[in-house]
Amino acid sequence: MENFDIQEQLKLIQLFGHFGLWGYVLIILGTILLAIYKKRKGGNYKLVIILGVGLFFLYGLISGFVAVYLISPIYNLGN
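Everything in the sequence shown is counted per the numbering used here, starting at 189 for the first residue and increasing by one.
Written out as structure tokens, the structure is:
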């Protein structure tokens, strides 16, 4: 039973890593495309870039906390 839980936990970590990577890609592409759109319309594209960078780091911070939460039960098995 315990082996099944470890396998499910590893699958969850793999799924989180896969979707986490696509989250970064979407943030970067969305920021670039929105900044280009704002620049063509004459809007404040610098604000879009600043918000995109802030969102990138906030997403990284949240991802780090979630990763620690997912990995800590497996790490504790070694102790």
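Ideal placement from N, C-alpha and C gives every residue a C-beta, glycine not left out. Since we're looking at a predicted model, the values are computed, not measured.
Legend entry - C-beta contact flag for S251 and G208 at 8 Å: yes
Legend entry - Backbone secondary structure at G231 - three-state DSSP: coil
Inset, instruction - Can you say whether V256 is buried or exposed, counting buried as having 16 or more other CB atoms within 10 angstroms of its CB? - result: exposed
Legend entry - Residues of its chain near N232, where Cβ-Cβ distance is below 8 Å and the 5 sequence neighbours each way are ignored: K226
Inset, instruction - Run the CB neighbour count on L236, radius 10 Å, all protein chains shown included, and call it buried at 16 or more, exposed below. - result: Residue 236 is actually Val in this sequence, not Leu. When all chains shown are included, V236 counts as buried.
Inset, instruction - Measure the alpha-carbon distance for Q202 versus F253 and round it to whole angstroms. - result: 16 Å
Inset, instruction - Report yes or no: is there a C-beta of chain B within less than 8 Å of the C-beta of V241? - result: The chain labelled as chain B is not found in the depicted structure, where only one protein chain is given.
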